[in-house]
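Below is one structure; the comments refer to it alone.
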Amino acid sequence: MSLVMIPHETPFELKNGWFWFRKWDSEDVGSICWFTLIHVLAFCAPFVFDWGAFWMGVGLSFLTGIGVTLGYHRLLCHRSFKIPKWLEYFFVYCGAHAFQRDPMFYVNTHKNHHKYTDTDRDPVAPSHGFWYCNMGWFFNNDHIAAKCGESRGGEYSKVPELKAQWFYRFLHYTYFWHPTALATLLFFHGGFPYLAWGMGMRGVVVHQFASLATYVSHVWGDRPWNSPDTSTNNWWVAILTLGEGWHNNHHAFPRSARHGFEEWQFDFTWELIKFLEWVGLATDVKLPTEADKRRMESRWADSKQKKLIVKLKEKNETFKNFDEYAYDIAN
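Using our numbering, you'd call the opening residue of the sequence shown number 25 and step up by one each time.
Now the structure itself:
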């Protein structure tokens with residue numbers, strides 16, 4: 025496992041920090057209130073342990089985690105496959121309870137991440153540090169908007185296909201009411217233990233696991249592919265995130281529905297997509313060809329090339345000599 029060099033940002037620095045002495049809009053405030061609440065509930069969870077509440081938390085962790093990995097990420101961000109609208113909305117709605125913000129915010133941000141990975145235009149660049157990648161990015165609307173080339177938070181210029189659908193507009197404008205409704209149902213079903221485990225512990229676990237790919241998988245791990253960024257493969261992140269830890273695989277072939285290319289690379293999200301394809305619900309499932317893989321074979325061990333990539337990234341220059349397949353989702 026190797027340590028990857030991360031270039032520093034220049035024009036889009038967080039002028040006043042990502043938390044103190046900055047402007048907070050209503051969505052930022054709502055996000056941090058929920059973020060604080062689930063951590064308080066998670067702290068209380070061990071003191072009100074109940075097996076029913078525990079298994080409720082486990083089940084909801086799986087549903088909301090799959091909602092992010094399959095619904096938000098591989099389906100909406102990268103269009104790696106197609107499924108019927110009712111099923112798309114089901115997975116996305118599950119993801120909306122994972123405290124990763126609403127689909128329009130998430131997809132708009134993620135598209136810029138792939139287009140400008142590790143540069144000063146990357147909304148979740150690891151050069152901001154662990155805490156920003158862990159939580160700061162999703163309650164800083166104005167900063168994310170600037171990174172995405174937008175004048176203000178909420179523009180979401182990269183996702184016109186989502187803005188055109190009533191379901192995604194509805195989720196955007198009512199986002200905070202949905203976890204509120206779930207919390208209410210859990211409380212009336214089983215009291216405070218169900219609230220603590222089903223909302224608190226579950227919310228913290230899913231959020232923390234999802235954040236690992238944002239930071240850890242750009243800092244530590246292996247690089248089998250020649251992607252022009254610092255993305256890495258990390259087996260233990262993959263286990264915790266249902267397959268999202270094969271991050272270098274993903275950045276090399278972002279349209280691929282499969283992230284774990286080898287049989288031993290755990291990728292539960294891919295297994296579920298494959299099952300949906302088998303029963304006829306998933307179609308147009310995208311995978312890289314052998315020719316695509318040959319073009320992206322790693323030359324990262326070449327120290328000269330490594331230094332060149334880091335140097336170019338520091339200057340925010342565009343890589344034009346890499347497989348176009350890796351960038352079509354960002355255009």
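The beta-carbon is built from N, C-alpha and C at its ideal position, and this holds for glycine as well.
Out of curiosity, what's the CA-to-CA distance linking residue i and residue j?
| i | j | result |
| --- | --- | --- |
| F115 | T256 | 27 Å |
| G214 | V309 | 40 Å |
| Q124 | D142 | 20 Å |
| P147 | A120 | 20 Å |
| L236 | E295 | 21 Å |
| V72 | W302 | 42 Å |
| P312 | F212 | 48 Å |
| A207 | I56 | 17 Å |
| H152 | D144 | 10 Å |
| Y199 | D52 | 12 Å |
| A205 | W48 | 25 Å |
| P203 | I297 | 26 Å |
| Y117 | A234 | 17 Å |
| G269 | F163 | 24 Å |
| F299 | Q232 | 27 Å |
| V82 | K187 | 32 Å |
| L111 | Q189 | 15 Å |
| E174 | H138 | 17 Å |
| G91 | L99 | 10 Å |
| N165 | F59 | 15 Å |
Taking Cβ to Cβ, would you say residue i is nearer than 7 Å to residue j?
| i | j | result |
| --- | --- | --- |
| G89 | V261 | no |
| H283 | S241 | no |
| T93 | T293 | yes |
| R226 | L61 | no |
| L305 | I107 | yes |
| V228 | H97 | no |
| P150 | Y239 | yes |
| Y113 | F191 | yes |
| D74 | P217 | yes |
Please report the Cβ distance between residue i and residue j, rounded to the nearest whole angstrom; I am assuming they are in contact, meaning their Cβ atoms lie under 8 Å.
| i | j | result |
| --- | --- | --- |
| A69 | W221 | 5 Å |
| M320 | N258 | No, M320 and N258 are not in contact; Cβ-Cβ is about 18 Å, not under 8 Å. |
| L65 | L219 | 6 Å |
| I263 | F290 | 5 Å |
| H275 | D253 | 6 Å |
| K109 | N136 | So it is not a contact: roughly 26 Å between Cβ atoms. |
| L209 | M223 | Contact doesn't hold; Cβ gap of about 10 Å is too wide. |
Under 8 Å: do the region 117-133 and the region 242-250 share three or more Cβ pairs, one atom per stretch? Too few Cβ pairs lie closer than 8 Å, so no.
Assess, as a yes-or-no matter, whether the region 67-80 is touched by the region 182-193 under the definition of 3 or more beta carbon pairs within less than 8 Å. no
For the structure I just gave you, are there three or more beta carbon pairs, one from the region 277-287 and one from the region 92-106, closer than 8 Å? yes
Answer yes if the region 187-202 comes into contact with the region 155-162, meaning at least three C-beta pairs across the two stretches below 8 Å, and no otherwise. Because the criterion of three Cβ pairs below 8 Å is not met, the region 155-162 and the region 187-202 do not touch.
Runs of 4 residues minimum, wholly inside the region 92-131: which ones carry the alpha helix (DSSP H) assignment? Listed in chain order, the complete alpha helix (DSSP H) runs (minimum 4 residues) inside the region 92-131 are 109-119.
Which ranges does the beta strand (DSSP E) cover as unbroken runs of at least 3 residues, wholly within the region 261-295, from first to last along the chain? none
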